[in-house]
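Please read the structure below before turning to the comments.
2 protein chains.
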Amino acid sequence: MTQHAPLSHPAQIAASPATLFARTPNLAEPDTSLLRASLRNYFIETFDRYESLFDCLAEDDAAWVTKPIALRHPLIFYFGHTATFFVNKLMLTRMIDTRIDQHMESIFAVGVDEMSWDDLDDSHYDWPGAARVRAYRNQVRALVLGLIDHAPLQSPIHWQSPWWAIIMGIEHERIHLETSSVLIRQHALRHVRAVAEWAPRPDDGRPAPENTLLPVPAGVVRIGKSFDGPQYGWDNEYGAHEAQVEPFEASRYLVSNHEFLAFVEAGGYRNQRDWTEEGRKWLAYSQAEHPTFWVKKTQGWFLRLMTEEVPMPWSWPVEVNYLEAKAFCNWKAAETGQPVRLPTEDEWYRLYDHTGRTDPGASPCDANLHLDHGASSCPVDEYAHGEFFDVVGNVWQWTETPTYPFDGFDVHPIYDDFTTPTFDGQHNLIKGGSWISCGNEAVRASRYAFRRHFFQHAGLRYVVSHAPAEAPAAYYETDRLLSEYAEFHYGDTYFDVPNFPRTLAQLAIQAMGEHPCRLALDLGCASGRATFELARTFERVTGVDFSARFINQGVQLMQSGQLRYTLTDEGDLVSYKTRTLAELNLRDTLPRVEFFQGDACNLKPQFTGYDLVLAANLIDRLYDPARFLDTIHERIVAGGLLVIASPYTWLEEHTPHSAWIGGIKKDGESWTTLDGLHAHLSPHFTPVGEPLDVPFVIRETRRKFQHTLSQLTLWRRH
Amino acid sequence: MTQHAPLSHPAQIAASPATLFARTPNLAEPDTSLLRASLRNYFIETFDRYESLFDCLAEDDAAWVTKPIALRHPLIFYFGHTATFFVNKLMLTRMIDTRIDQHMESIFAVGVDEMSWDDLDDSHYDWPGAARVRAYRNQVRALVLGLIDHAPLQSPIHWQSPWWAIIMGIEHERIHLETSSVLIRQHALRHVRAVAEWAPRPDDGRPAPENTLLPVPAGVVRIGKSFDGPQYGWDNEYGAHEAQVEPFEASRYLVSNHEFLAFVEAGGYRNQRDWTEEGRKWLAYSQAEHPTFWVKKTQGWFLRLMTEEVPMPWSWPVEVNYLEAKAFCNWKAAETGQPVRLPTEDEWYRLYDHTGRTDPGASPCDANLHLDHGASSCPVDEYAHGEFFDVVGNVWQWTETPTYPFDGFDVHPIYDDFTTPTFDGQHNLIKGGSWISCGNEAVRASRYAFRRHFFQHAGLRYVVSHAPAEAPAAYYETDRLLSEYAEFHYGDTYFDVPNFPRTLAQLAIQAMGEHPCRLALDLGCASGRATFELARTFERVTGVDFSARFINQGVQLMQSGQLRYTLTDEGDLVSYKTRTLAELNLRDTLPRVEFFQGDACNLKPQFTGYDLVLAANLIDRLYDPARFLDTIHERIVAGGLLVIASPYTWLEEHTPHSAWIGGIKKDGESWTTLDGLHAHLSPHFTPVGEPLDVPFVIRETRRKFQHTLSQLTLWRRH
């Protein structure tokens, strides 16, 4: 196996340590002078290299202000944007308190998030000229360098440090170095020009190797970094994820243009069979007949690079979006009868670990990565990693895995929407980096995800595995009511009011006395906290709620051990929360808990024989509370307990006025709900003790809360 | 002046102390044996007399179950109702805990409140027979007597005592003694029969006296009893009312049938001119052409009494409703050119005091009152009281005054809807009592009010006065939002959170420092508490709110010194609240306070030159908060203070999303409302100190509250 095939051409950028593009720095460097120097270098190299990329644009204004694709801004925006980003984030960490240019910083603030292929960006801007933006960039450069040289600095620079804004700004610009290179590649040829610094590697004309499958043994994958790590990371890299990966086979090489041609020629873009539903929609919209950078000419296939079209380099990796990659795999599976698919993120890490990779260091990469070996792809059989090739580098590799947060995920306070909007099951992870992936993009820990129809310098490696590629839970509850209840049940304490469902469970357990604690029913369980709390003591606890959406929160906690939701802070602004059973010390209760959708006024026969029924904040939400009260004794064993808690907030939207069991005038007299409870329950229950007001708080915004007293009554079944 | 004209006929009920119908008892009798004996007698006499009234019904069932008028129940209901009332109230004070007869007590519980002449009672009941009801009454009689004889008793019996239910039950039955006598009088003649005990006084045929006007001098009237008084009272009698009454003239006699005939013959019932708008509507509905108890026969006018029609006794008082009485006065005013009207309640008390009346005592009344002198009206010139006749007794006298609560009014916990539903400006007070008014009905303190179209044994005395008959504030705010705000500003403390508007006013005054406290503007003043609080220190304070309904609360406090509102306890059940400026020690601020309706985003030019502008919980309720923030400096003197408090609860229903000044993503970054405040205010203001969260609580029900933190920021005008 060739470890490092000799380059058959002079590298455009010398692969010597002296000129290597700076690696993401060690932020724990204890010597602050060295730390400042390292940051200064990292900033300047990035800022310079980014500006040099725009030398690829033709010299007329149209190159700057014409959109390469309808869905994104023109390149002038991206030229200014990475500078403005520094100012915005420095304002947020209060390293500065005055803007450089209000106008520039307004128009360069927000990129277009390509959420769908038909979200056209209709913004009209009166873009400033490139020279003006360059002058603005120079102001930002001076500002940042001044800070790097003179601002108070404590080592290490960590997640909470104000300096995080600086390293975030640099890494952010490195991302745009890559995405802007894609936009240049999508720009009309008349808008671009060849420059030596960004010249592609020439195709040596070698044929693509025949791809084969090689085994990857089973193993455990551990991902996720800690918040005090020495390198910069985006929010989605933090926390912890551990997975047992089943053995699988993976293609030795990335799929080459040659290998992909067979799919195209087999009518892959015309045959709906191999495409997912989303893929078919995209196909109908895009009218694609081949990969986006392929150009069909009378003289044959060509490939569009950044500034030129070249005869198709068949040995280079094909570049496709996820939908095309997935269709290719499905076609391949149909052809071979094998379970061919893209790797999961876990499988990619397993392959990475199996082949013994490490992050880019002081030497040139043994991969087409980090601009160490030129400004384009290269043949798929050039960089061997163990038995495989291009485990990292050359082009990104699409995975089956929609991005998701690790346990312990948190948003960064100055960039709370970097990842969270992508936790929607529609952004798939790409791994390994491309020839232009630098800094954080080029390390094992990095996790980037894009819409599945999106183009990057990205292709695929396929795997063969009988293990299904399951999508991890990435869902953040954003429905206001469900989120408020998630926080109510599992979240923080407000106004020193103890957790309500837990308090009720404790009071109920206490009231059980000598009666055995076998079966408990948490009726109207909502998000399910009391169900779990009762299961600390009861042998089996059933949570039942009318709303499947609420039940789903309990089920999600059972399945994943965690619940994620957004909380409204103020207006549109939200916080992101994750709560786990582990931190509430409730993990042990899992085998004793179950959730069902059900109607308290019309319970299925199976729900019976309970030693305890808890009905918390339920009766004033039922459509027929009398029916519930008049029949609930049938579900409780003799000597068992019925616990009712309610603020008696009768509302016609939940309970017809004629069905209110109290809070009414009855035969001319005031008739409270407590009167109603006694009237309905006394045939089968004896009241235990005195009613007790138990407070609860539901957070609506950072400053607005419902603060309620729920009256608790206990009833012993005759 | 004849003090007491000799009776020209034998009184049907001997007017000797031994057989006088028992007077309302002294509840402070210290000897509990005597107290029990007095209650026993009062109960038995009332219960017996009430049953005897029903002897006037014909012996067939139809007399019991046919409705005398469409708007009320048949008499069988009233026969059972007064007994059930005892049971219901005894249950509420827990003197008993078990009902006598669930069924009886359900059908006899609620009378029909005749709210409008076209509210037909469409209830269909399967009424029990009279014998069954009589048997039930006997059970109740035994129960009450058992309690009177044996239940623990402490003297005095007061408002809070469980025994209040007993005396309330007796006085309640005395009211129905009178109203049932009216129903019998409205019953078809075939359903009634003459009985000796209820025989009317025969008409002696005397002519009606010529009415004249006599002066009543000016004077102060004091009404209202204290909660520890020795006699039973209904809730509306408690508290205190004091008024200076201007001199006026009053008719010497009640208006007789003879005097009223002139109005009838002058076409009074056909001439719209003299009727109020309500009167004209009633006239159109009822098609009345003369007083309701007048019967026109070929042989001339007759008068319907309880069980017979008699040739018109012209010297007896006419019986009319308020609308007829008012039309008569208007006609009289037009005829005479004098300001003729009905007396106000205050004027009636002035006349009462002027003529030196006292409550019925151990001797027969010197008035046709309390059944002391027979079971019908008598001539209007029979009972002289000073220069006047019938200041009390004979028939009730309509007043111009809609009933209203005195200062210190409170509802009784076991009968919270005795009076409160009549605080609607549509129930006018009647005074003085009629020949059948007994017990509490017959004392100076009593205050009964009925719908203006309602018939009782009631007529009128007219007065001539240039003083307008002003309707006192009887309004209870029942709109949920306005009531919640009234409580928020002037009510109780919840969760130990100090009064919010007062706290803000204190913080604002404190922040004024050395700056003079001349003019202050409370913008978005809502119910106005902070306006009053600021006026403790400022020379002049203007409260401005967009909502005239809110402004009205401040205005009402300025005008009457008090605010009345209902608070939702649970479901339909409410509490009644009265708050006064006096109890908040804010009376002295009155001369320095004013309220205006106004728009904070478009303030009229007059609102300027302020040393302080307070905008509490305002900015997130404005349709254009930026406009407010960008212009408010124009209203504040140099060195003056702007105080903003807000929970930043942005809602599209108040503020279009595009107008939110914070709680948004701005240029891609989180932009809080505090950021927005700084951006908008910094051109003209300097922030003072740090933002401070000030909590407030708004009560929604007895158990449900909004608990909110309002962020306070202070801004000094450059």
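Sequence order for the protein chains is A and B. Mind the numbering: the first sequence is residues 1 to 718 in the working numbering, read in order. Mind the numbering: the second sequence is residues 1001 to 1718 in the working numbering, read in order. We put the beta carbon where it would ideally sit given N, CA and C, even for glycine.
- W660, G662, G663, I664, K665, D667, G668, E669, S670, T672, T673: these are the residues of the region 653–679 of chain A whose beta carbon lies less than 7 angstroms from some beta carbon of chain B, given in chain order.
- In its chain, beyond the 5 residues on either side, G224, Y238, G239, A240, T578 have a beta carbon closer than 8 angstroms to the beta carbon of G408(A).
- Contact between E1319(B) and P1343(B) is ruled out by a C-beta separation of about 17 angstroms, above the 8 angstroms threshold.
- When the beta-carbon positions are compared, T1589(B) and R1480(B) stay at least 8 angstroms from each other.
- Under the three-state reduction of DSSP output, I661(A) falls in the coil class, being neither helix nor strand.
- Boundaries of the beta strand (DSSP E) around N428(A): 427–431.
- Within chain A, the C-beta atoms nearer than 7 angstroms to that of V1110(B) come from D667, G668, in chain order.
- In chain order, P1647, Y1648, T1649, D1693, T1708, L1709, S1710, Q1711 make up the part of chain B whose C-beta sits under 8 angstroms from the C-beta of R703(A).
- Identification of chain B residues near D424(A) by a Cβ-Cβ cut-off of 9 angstroms yields none; the smallest Cβ-Cβ distance measures about 17 angstroms.
- Assigned with DSSP and collapsed to three states, A1250(B) falls in strand.
- Assignment of L1642(B) by DSSP, reduced to helix, strand and coil, places it in the strand class.
- Cβ-Cβ separation between F263(A) and W331(A): approximately 5 angstroms, consistent with a contact (criterion under 8 angstroms).
- Listed by position along chain A, the residues whose Cβ is nearer than 8 angstroms to that of N1499(B) form an empty set, because the closest Cβ is around 17 angstroms away.
- Interface annotation, G80(A): not in contact with chain B, CB-CB separation never under 8 angstroms.
- In this structure, Q1706(B) lies away from R703(A), with their beta-carbon atoms at least 8 angstroms apart.
- When secondary structure is reduced to three states using DSSP, G279(A) falls in the helix class.
- The C-alpha of T1032(B) is placed about 60 angstroms away from the C-alpha of V541(A).
- Pairwise C-beta distances place the region 1049–1060 of chain B in contact with the region 1193–1202 of chain B, as three or more of them are shorter than 8 angstroms.
- For L1567(B), there are no neighbours in chain A by C-beta distance under 9 angstroms, as the nearest C-beta there is about 13 angstroms away.
- By the CB criterion at 8 angstroms, Y1648(B) and E570(A) fall inside the cutoff.
- For D1061(B), the enclosing alpha helix (DSSP H) has its first and last residue at 1061–1065.
- Sixteen is the threshold: since fewer than 16 other Cβ atoms of the shown chains lie within 10 Å of the Cβ of S1226(B), the residue is exposed.
- Residue environment: D693(A) is assigned as exposed (fewer than 16 neighbouring CB atoms within 10 Å of its CB, all protein chains considered).
- Residues of the region 571–585 of chain A with a Cβ closer than 9 angstroms to any Cβ of chain B, in chain order: G571, D572, L573.
- Taking the beta carbon of E1105(B) as reference, the chain A residues within 8 angstroms of it are D667, listed in sequence order.
- DSSP, reduced to helix, strand and coil, places E1594(B) within a strand of the structure shown.
- Using a CB distance cut-off of 8 angstroms, N1428(B) does not count as an interface residue toward chain A.
- By a beta-carbon distance limit of 8 angstroms, Y485(A) contacts A526(A). Their separation comes to about 5 angstroms.
- Under the DSSP assignment, L1371(B) falls outside any beta strand (DSSP E); it carries neither an H nor an E label.
- Closer than 8 angstroms to the CB of D1235(B) there is not a single CB belonging to chain A.
- Only residues of its own chain outside the window of five on either side were considered, and among them S1155, P1156, P1230 have a CB closer than 7 angstroms to the CB of A1028(B), listed in chain order.
- In the displayed model, A1334(B) falls within a helix according to three-state DSSP.
- As summarised for the region 1537–1568 of chain B, the continuous alpha helix (DSSP H) elements at least 4 residues long and confined to that stretch are 1548–1560, given in chain order.
- The Cβ of D1097(B) sits no closer than 8 angstroms to any Cβ of chain A.
- For Q244(A), DSSP records a beta bridge to V220(A).
- Within the DSSP bridge table, the entry for E1487(B) names no partner.
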